[in-house]
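Read through the structure below, which is laid out as structure tokens, and then see the notes.
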Amino acid sequence: MGEHETSAATHYRALFALGHRSAVLCSPAVSLVLRSTRLVAVVVVALVLFGGLFAWRLFGEPPPEAGPAGTFLPGDQGRVGYVVTREGTTLSPELEGTGDLIAAGLIFPVSAEASGAFEVLDNCNRTGWVAVEDVDAGVVPTAKGEDMAGSVFVIDPGHGAPDLGAVGPGGLTEAKANIDVSSRVIELLSDSRDIDWVSGSVTRGTTYHAAAVAISTRSADGPNGGDYELGLTFRAELGNAVDATALVSIHHNTQPTHNTEGPGTSAFVSVDNEESPRLGGLLVDEVRRSLSGFEADWVGGNSSLVARVDENGEDYYSILAGSDIPAAIIEGAYISNPSEEELIATDPFRQAYAEGVYRALVRFVLTDDYPIPQPEPELFDPDAPPRSMDDCVTPR
Ligand SMILES: [Zn+2]
Numbered sequence: 407m408g409e410h411e412t413s414a415a416t417h418y419r420a421l422f423a424l425g426h427r428s429a430v431l432c433s434p435a436v437s438l439v440l441r442s443t444r445l446v447a448v449v450v451v452a453l454v455l456f457g458g459l460f461a462w463r464l465f466g467e468p469p470p471e472a473g474p475a476g477t478f479l480p481g482d483q484g485r486v487g488y489v490v491t492r493e494g495t496t497l498s499p500e501l502e503g504t505g506d507l508i509a510a511g512l513i514f515p516v517s518a519e520a521s522g523a524f525e526v527l528d529n530c531n532r533t534g535w536v537a538v539e540d541v542d543a544g545v546v547p548t549a550k551g552e553d554m555a556g557s558v559f560v561i562d563p564g565h566g567a568p569d570l571g572a573v574g575p576g577g578l579t580e581a582k583a584n585i586d587v588s589s590r591v592i593e594l595l596s597d598s599r600d601i602d603w604v605s606g607s608v609t610r611g612t613t614y615h616a617a618a619v620a621i622s623t624r625s626a627d628g629p630n631g632g633d634y635e636l637g638l639t640f641r642a643e644l645g646n647a648v649d650a651t652a653l654v655s656i657h658h659n660t661q662p663t664h665n666t667e668g669p670g671t672s673a674f675v676s677v678d679n680e681e682s683p684r685l686g687g688l689l690v691d692e693v694r695r696s697l698s699g700f701e702a703d704w705v706g707g708n709s710s711l712v713a714r715v716d717e718n719g720e721d722y723y724s725i726l727a728g729s730d731i732p733a734a735i736i737e738g739a740y741i742s743n744p745s746e747e748e749l750i751a752t753d754p755f756r757q758a759y760a761e762g763v764y765r766a767l768v769r770f771v772l773t774d775d776y777p778i779p780q781p782e783p784e785l786f787d788p789d790a791p792p793r794s795m796d797d798c799v800t801p802r
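Numbering follows my numbering, with no gaps: position 317 of the sequence shown is 723.
Shown next, in the form of structure tokens:
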């Protein structure tokens with residue numbers, strides 16, 4: 407573990423420095439208002455013009471998950487990257503066709519807009535159309551910034567019924583545990599925060615700004631508490647559609663190889679995205695640090711950062727292969743291990759996992775830290791084929 411880690415003192419010093427720079431960016435309201443009344447006028451005009459979009463940036467309120475359709479401003483301020491379905495939304499296979507009524511609270515990436523409708527990819531990887539007036543349009547910045555306030559994050563809870571993911575000996579499913587961790591990460595990203603880089607604790611504060619946009623591929627507000635099936639292509643396309651700063655897929659592991667002293671946290675990363683191994687390494691570094699605070703009979707695998715490829719040398723996992731943006735799959739702890747499953751069922755453990763992901767994202771955006779060397783590609787040729795999406799349904 408030790409050889410993979412950069413000197414803690416060095417990167418914490420760097421983070422403190424960046425944190426302070428970020429703090430100045432974080433409170434423009436105070437410093438600008440004191441400086442000049444002309445700026446006050448500009449800010450007021452901007453507020454009137456750009457409404458909620460600016461208000462959330464100035465005051466660090468959570469970003470609008472989705473505003474009513476048509477309230478976004480085209481051009482430099484934002485564009486529609488995704489939609490959230492409402493009661494009465496219909497999904498049509500053709501632009502002019504009639505659609506089926508689908509459930510409220512589904513999030514779909516937008517690929518085009520035409521004749522009062524958005525072209526979307528549904529949870530089963532099928533293209534379809536929804537009427538603009540039937541959905542909440544999710545606005546994303548046209549140009550991302552290089553700080554937290556200008557960043558866009560997609561958090562992806564792995565699996566979703568009937569795909570339960572790994573199931574613990576006590577019956578806890580990955581699908582359920584993952585969505586709760588994901589919701590906690592979204593919550594952390596949706597407000598400004600302080601980080602205690604010694605203890606790792608994340609609290610409400612002013613050092614790190616709320617993200618411009620933080621969304622999850624399936625949310626607990628969705629049908630069946632968000633427990634429904636999602637295609638891997640769909641997950642990647644949501645990241646692409648919003649041009650995410652990072653896409654993080656949250657998982658728990660199974661099939662360990664041996665007992666370990668601490669958490670066997672690991673990540674799968676892409677072979678064709680330069681930033682993916684850096685993102686994966688930061689996730690492993692920070693999540694493992696978070697989970698190390700708990701007592702368990704830990705188990706682990708052979709490597710903490712893995713790049714699995716198919717026989718063509720391409721990313722084995724479609725979520726990584728399909729992402730044009732930095733993406734990584736994080737495996738927090740082993741749900742198959744009774745001792746770890748017991749912990750995964752608890753709120754403090756899930757919160758610690760989420761705080762680890764949050765700290766990793768802050769370091770990803772604000773530093774050049776590269777805590778674990780890029781792994782050599784590893785051929786992966788499992789006996790079982792990838793899960794078929796043939797029986798996938800869109801919740802009604
Ligand atoms: Zn999984």
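Just so it is clear, CB atoms sit at the ideal spot from N, CA and C, and this is done for glycine as well.
- Across the structure, V541 and P499 are spaced so that their CA atoms are roughly 16 angstroms apart.
- Only residues of its own chain outside the window of five on either side were considered, and among them Y722 have a CB closer than 6 angstroms to the CB of D716, listed in chain order.
- For N584, the secondary structure class from DSSP, reduced to helix, strand or coil, is helix.
- T609 is the residue among T609, T533 and V675 whose C-alpha sits nearest the C-alpha of L595.
- Cβ neighbours of T752 within its own chain (closer than 8 angstroms, five residues either side excluded): none.
- Listed in chain order, the beta strand (DSSP E) runs fully inside the segment 469-544 are 485-491, 513-520, 523-527 and 533-537, counting runs of at least 3 residues.
- Note on geometry: alpha-carbon atoms of G606 and A620 lie some 21 angstroms from one another.
- Following the DSSP letters along the chain, one finds Y776 in no beta strand (DSSP E), marked with neither H nor E.
- Counting along the chain, I725 sits inside the alpha helix (DSSP H) bounded by residues S724 to A727.
- When the beta-carbon positions are compared, R756 and V587 come within less than 8 angstroms of each other.
- Per DSSP, H658 has no beta bridge partner at all.
- According to DSSP, I601 shares a beta bridge with V608.
- With a contact defined as Cβ atoms closer than 8 angstroms, A652 and G556 miss out at about 13 angstroms.
- Around the beta carbon of D691, 16 or more other beta carbons sit within 10 angstroms, so the residue counts as buried.
- For E580, the CB falls within less than 7 angstroms of some heavy atom of ligand 1.
- Taking L644 as the centre and dropping the five residues before and after it, the same chain places the C-beta of P515, V560 and T623 closer than 6 angstroms to its C-beta, in chain order.
- Taking C-beta atoms as the reference points, V675 and V763 fail to come closer than 8 angstroms.
- For L688, same chain residues with a beta-carbon under 7 angstroms away, outside a window of 5 residues either side, are A766, R769, F770, D775 and P777 in chain order.
- With a cutoff of 7 angstroms, A567 does not count as near ligand 1, since its C-beta is closer than that to no heavy atom of the ligand.
- Burial of G686 is indicated by the presence of at least 16 other C-beta atoms within 10 angstroms of its C-beta.
- Set against 7 angstroms, the gap from the CB of A572 to the closest heavy atom of ligand 1 is smaller.
- Beta bridge pairing from DSSP links P783 with A713.
- Going by DSSP, I736 is part of the beta strand (DSSP E) stretching over A733 to Y740.
- Inter-residue distance for Q661 and E580 is about 14 angstroms (C-alpha atoms, whole angstroms).
- For A673, the uninterrupted beta strand (DSSP E) run begins and ends at S672 to V675, by DSSP.
- For ligand 1, a non-hydrogen atom lies closer than 7 angstroms to the CB of G564.
- The Cβ-Cβ distance between A567 and Y634 falls below 8 angstroms.
- Note on geometry: alpha-carbon atoms of D569 and Q483 lie some 38 angstroms from one another.
- Within the chosen limit of 7 angstroms, ligand 1 does not reach the beta carbon of H664 with any heavy atom.
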